[in-house]
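So the sequences go chain by chain: V and F.
Take the first sequence: its letter number 10 is residue 10 in our numbering, and every next letter is one higher.
Convert by adding 1000 to the 1-based position in the second sequence; the result is the number in our numbering.
The beta-carbon is built from N, C-alpha and C at its ideal position, and this holds for glycine as well.
Since the structure is predicted, the reported quantities are computational estimates derived from the model, not experimental observations.
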Amino acid sequence: MNYQYTVTVANGGLSGGINGGGFLDVEMRYAAMLLDDDPGLPAENGSEWNPQTFTFADQQDNTVTVLDGGNILQTWVIYQQFCVPFNRSVPAGRYTGTVTFTAATI
Amino acid sequence: MKRLLLVVLALCVVLAVPVIAAEDMADGVRIARRIDATPNDEHGYNPGIPRRFDNRDDSAWGGQTAKVTLPMNAIVPCYLEMDFRGNFVDVSLQSWGPSTTSHLAGNDNYWLTFRPEVAGFVDKDWRYIDGSATNNTRLFLVQAWMARKPLSGDATPSAPRYGPI
């Protein structure tokens, strides 16, 4: 048994825009910190932003696996930031989509 | 002579009783056999007298065992919890044991939103562009992304804002 923490953006991004048909990539970066109640262990591990920026449309199943592994009780703090592009190639308008944050045992 | 014999028999009896009594006090085997004949002890033992006997004389009992050995197992259910927090979000989801799902969905109170007046803009290195959380910020469009506006002390993850759950 392992637990996983994943983030999924349906269809990899947002759709809409003026007259429809527009698509907005959703990008994400994260930082993961392991918190441990054991005073003999470091209070935190890995407090820096992961240097990689993930584009969901480029991921298998539009899913980024942030944590994968471990089968004992652990507490992680995951910082996440998201952005969408804003440039001359992106049609203006309203876009919609869905993001799902999932912590699960597998 | 006959009178003498009677006297001798009487003496023998009188003398024999103390001898048997002395053996009873010293030898547990003999005590057991006499207890069997005790009228108020139907189960073959008398409370207060040891129940385990030296069985070297015969093999009617001894070396006996009655025991039960059972396999053991334990189920430790998995406890899964997710605290989901953001600018205006504080949701705790818990799942106890297998095949249990805690799911928050379709709640219009919570959005992951990219709106200029709410979020603002970051550059290609995720640095927040100061003052960009308005509708009238002039941006260099080539390298701008909308993202949520960092909160105070939240620009880097080095200082956790939340303690252990």
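Mind checking if residue i is an interface residue toward chain F, Cβ cutoff 9 Å exclusive?
{"i": "Ala57 of chain V", "result": "no"}
{"i": "Val64 of chain V", "result": "no"}
{"i": "Thr53 of chain V", "result": "yes"}
{"i": "Thr105 of chain V", "result": "yes"}
{"i": "Phe101 of chain V", "result": "yes"}
{"i": "Leu67 of chain V", "result": "no"}
{"i": "Phe86 of chain V", "result": "yes"}
{"i": "Gln60 of chain V", "result": "no"}
{"i": "Phe82 of chain V", "result": "yes"}
State the DSSP-derived secondary structure class of residue i, mapped to helix, strand or coil.
{"i": "Gln60 of chain V", "result": "helix"}
{"i": "Gly22 of chain V", "result": "strand"}
{"i": "Ala31 of chain V", "result": "strand"}
{"i": "Ala10 of chain V", "result": "helix"}
{"i": "Asp1123 of chain F", "result": "coil"}
{"i": "Gly16 of chain V", "result": "strand"}
{"i": "Ser1092 of chain F", "result": "strand"}
{"i": "Asp111 of chain V", "result": "No information on residue 111 of chain V is available, as it lies outside the stretch 1 to 106 that chain V covers here."}
{"i": "Val1076 of chain F", "result": "coil"}
{"i": "Phe1114 of chain F", "result": "coil"}
{"i": "Thr55 of chain V", "result": "strand"}
{"i": "Gln1064 of chain F", "result": "coil"}
{"i": "Thr1101 of chain F", "result": "coil"}
{"i": "Thr96 of chain V", "result": "strand"}
Less than 9 Å between CB atoms is the rule here; does residue i satisfy it with respect to chain V?
{"i": "Trp1126 of chain F", "result": "yes"}
{"i": "Phe1084 of chain F", "result": "yes"}
{"i": "Leu1080 of chain F", "result": "yes"}
{"i": "Phe1088 of chain F", "result": "no"}
{"i": "Val1122 of chain F", "result": "yes"}
{"i": "Pro1071 of chain F", "result": "no"}
Between residue i and residue j, is the Cβ-Cβ spacing less than 9 Å?
{"i": "Arg88 of chain V", "j": "Gly16 of chain V", "result": "no"}
{"i": "Val26 of chain V", "j": "Gly97 of chain V", "result": "yes"}
{"i": "Gly113 of chain V", "j": "Thr55 of chain V", "result": "Since the first residue of chain V shown is 1 and the last is 106, residue 113 of chain V is not available in this structure."}
{"i": "Phe1084 of chain F", "j": "Phe101 of chain V", "result": "yes"}
{"i": "Tyr1110 of chain F", "j": "Trp1096 of chain F", "result": "no"}
{"i": "Tyr3 of chain V", "j": "Thr105 of chain V", "result": "yes"}
{"i": "Ile78 of chain V", "j": "Ala31 of chain V", "result": "yes"}
{"i": "Phe82 of chain V", "j": "Met28 of chain V", "result": "yes"}
{"i": "Val84 of chain V", "j": "Leu24 of chain V", "result": "yes"}
By the DSSP assignment, the beta strand (DSSP E) with residue i in it spans what residues?
{"i": "Met1082 of chain F", "result": "Tyr1079 to Arg1085"}
{"i": "Ala92 of chain V", "result": "From DSSP, Ala92 of chain V is part of no beta strand (DSSP E); its letter is neither H nor E."}
{"i": "Val84 of chain V", "result": "Thr75 to Phe86"}
{"i": "Val99 of chain V", "result": "Val99 to Thr105"}
For the segment 1090–1110 of chain F against the segment 62–69 of chain V, are there 3 or more C-beta pairs whose distance is under 8 Å?
The count of Cβ pairs closer than 8 Å, one atom from the segment 1090–1110 of chain F and one from the segment 62–69 of chain V, stays below three, leaving the stretches out of contact.
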